[in-house]
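Q: According to the numbering used here, the sequence shown holds residues 61 to 319 in order.
We put the beta carbon where it would ideally sit given N, CA and C, even for glycine.
As the structure is a prediction and not an experimental result, all values here were calculated from the model.
Take this structure, written in structure tokens, and hold onto it; I'll ask about it next.
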Amino acid sequence: MAIHIRPIKAFKDNYIWTLINDSNNQAIVVDPGQAEPVMAYLEIHDLDLTAIWITHHHMDHTGGVAELQQSYPMTHIVAHSEHGVRMDQSVKDGSSVNAWGYSAQVWEVAGHTQSHLAYLLDIESQKHVFCGDTLFSGGCGRVFTGTIEELYNSFERLKKLPDETLFYPAHEYTADNLRFGLSIEPNNEAIRHSLLEATKNVERGIASLPVTLAHEKQVNVFMRPDMADTIEGVSRQVSLVDTKPLTVFAALRELKNNF
Ligand SMILES: [Zn+2]
């Protein structure tokens, strides 16, 4: 059985990540903010929608659920009880979800919102993490209904995964985030190189995602609040009361809000 993971574009820069099972032409989508692009994709590729997984309650992640449920009544909807969708399976931290015999662990990775979930799908020892708006390549989500401490703790938890773990964020924010990263770490060659790559790919209509954890540790300043170069870069722009990783992480988020 071969499973492919492809992005369906929605709105301006959302990705609706789609798991496709070649052996039975079934698909699972994560965070369908819009129904139309999903239905068009399923039609073109002759796929049947069997499940929807939701990471958090924002409309650009849930707006297409009701319409998809109507068109595909057998769709199994997986969400947290606070996500505001009619679901078939209520999940929270510690739950697990099934995808054609493969298992996805559910983690709460709050911060962007309360009850924000990530789905950690394990396919033959390779982890694929659908992380919504918690982690972006080169950045992190804004703090809305969660707290900066929660977001920091979510990052610390994700950092403990194996280096080859693949992340599938829900937005194409990579180039903008990397430009911010360079404003903090102007001598970081990995960020500079990734910015060139991401810009080139996005111009050609290719997603800059997924990305590995090893890559993010090099280019994502929010993964690097304990690194001397990051601390120095933040200190050049704001005065820090201390250099604890949480303090640096919070200062980075504030700086990015105004970047
Ligand atoms: Zn969001």
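1) Using alpha carbons as the reference points, say which of Ala62, Met61, Tyr75, His64 lies closest to Gly265.
2) Roughly how far, in whole angstroms, is the beta-carbon of Ser156 from the beta-carbon of Gln165, given that I think they are within contact range, below 8 Å?
3) If you drop the 5 nearest sequence neighbours on each side, which residues of the same chain put their C-beta closer than 8 Å to that of Leu107?
4) Would you check if the stretch 176–186 and the stretch 126–134 touch, i.e. whether three or more CB-CB distances between them fall below 8 Å?
5) Quick one: does the C-beta of His143 sit closer than 6 Å to a heavy atom of ligand 1?
6) Based on Cα-Cα distance, which residue from Trp113, Lys187, Leu195 lies nearest to Arg146?
7) With DSSP run on the structure shown, which of helix, strand or coil describes Lys187?
8) Quick check on the DSSP output: the alpha helix (DSSP H) that includes Phe227 runs from which residue to which?
9) How is Gln174 classed by DSSP in three states: helix, strand or coil?
10) Our contact map puts Val169 next to Val151 with C-beta atoms below 8 Å; I'd like the distance itself, whole angstroms only.
11) If you follow the beta strand (DSSP E) that Ala164 is part of, which residue opens it and which one closes it?
12) I'd like the span of the alpha helix (DSSP H) that includes Arg239, first residue to last.
13) Thr173 and His116 - do their beta-carbons sit closer together than 7 Å?
14) Starting from Leu79, follow the beta strand (DSSP E) in both directions and report where the run begins and ends.
15) Would you call the CB atoms of Ile63 and Thr78 closer than 7 Å?
16) Whether or not the stretch 205–222 and the stretch 248–267 are in contact is what I'm after, with contact meaning three or more pairs of Cβ atoms, one per stretch, closer than 8 Å; do they touch?
17) Using 10 angstroms around the beta-carbon of Asn318, count the other beta-carbons present and answer buried if the total reaches 16, otherwise exposed.
18) Taking 5 Å as the limit, name every residue whose beta carbon sits nearer than that to some heavy atom of ligand 1, in sequence order.
19) Which residues bound the alpha helix (DSSP H) around Val98?
20) Using alpha carbons as the reference points, say which of Cys191, Gln186, Ile183 lies closest to Trp167.
21) May I ask which residues mark the beginning and end of the alpha helix (DSSP H) holding Lys260?
22) Let me know the secondary structure DSSP gives Ile291 once reduced to three states.
23) Nearest chain B C-beta to Ala62 closer than 7 Å, yes or no?
24) Could you tell me whether the stretch 247–258 touches the stretch 294–301, using the rule of 3 or more Cβ pairs below 8 Å?
25) Secondary structure at Phe204, three-state DSSP: helix, strand or coil?
26) Which term fits Lys316, buried or exposed, when burial requires 16 or more other beta carbons within 10 angstroms of its beta carbon?
A: Taking the coordinates as given:
1) Tyr75
2) That belief holds up - the Cβ atoms of Ser156 and Gln165 are roughly 5 Å apart, short of 8 Å.
3) Ile80, Asn85, Gln86, Ala87, Tyr101
4) no
5) no
6) The residue with the shortest Cα to Cα distance from Arg146 is Trp113.
7) strand
8) From DSSP, Phe227 is part of no alpha helix (DSSP H) but of the beta strand (DSSP E) over 226–229.
9) coil
10) Taking a contact as a CB-CB distance under 8 Å, the pair Val169 and Val151 does not count as one, their CB atoms being some 13 Å apart.
11) 162–168
12) 234–244
13) yes
14) 74–81
15) no
16) no
17) exposed
18) His118, Asp193
19) Note, Val98: alpha helix (DSSP H), 96–104.
20) Cys191
21) 249–263
22) helix
23) Looking at the structure shown, chain B is missing, and only one protein chain is on hand.
24) no
25) coil
26) buried
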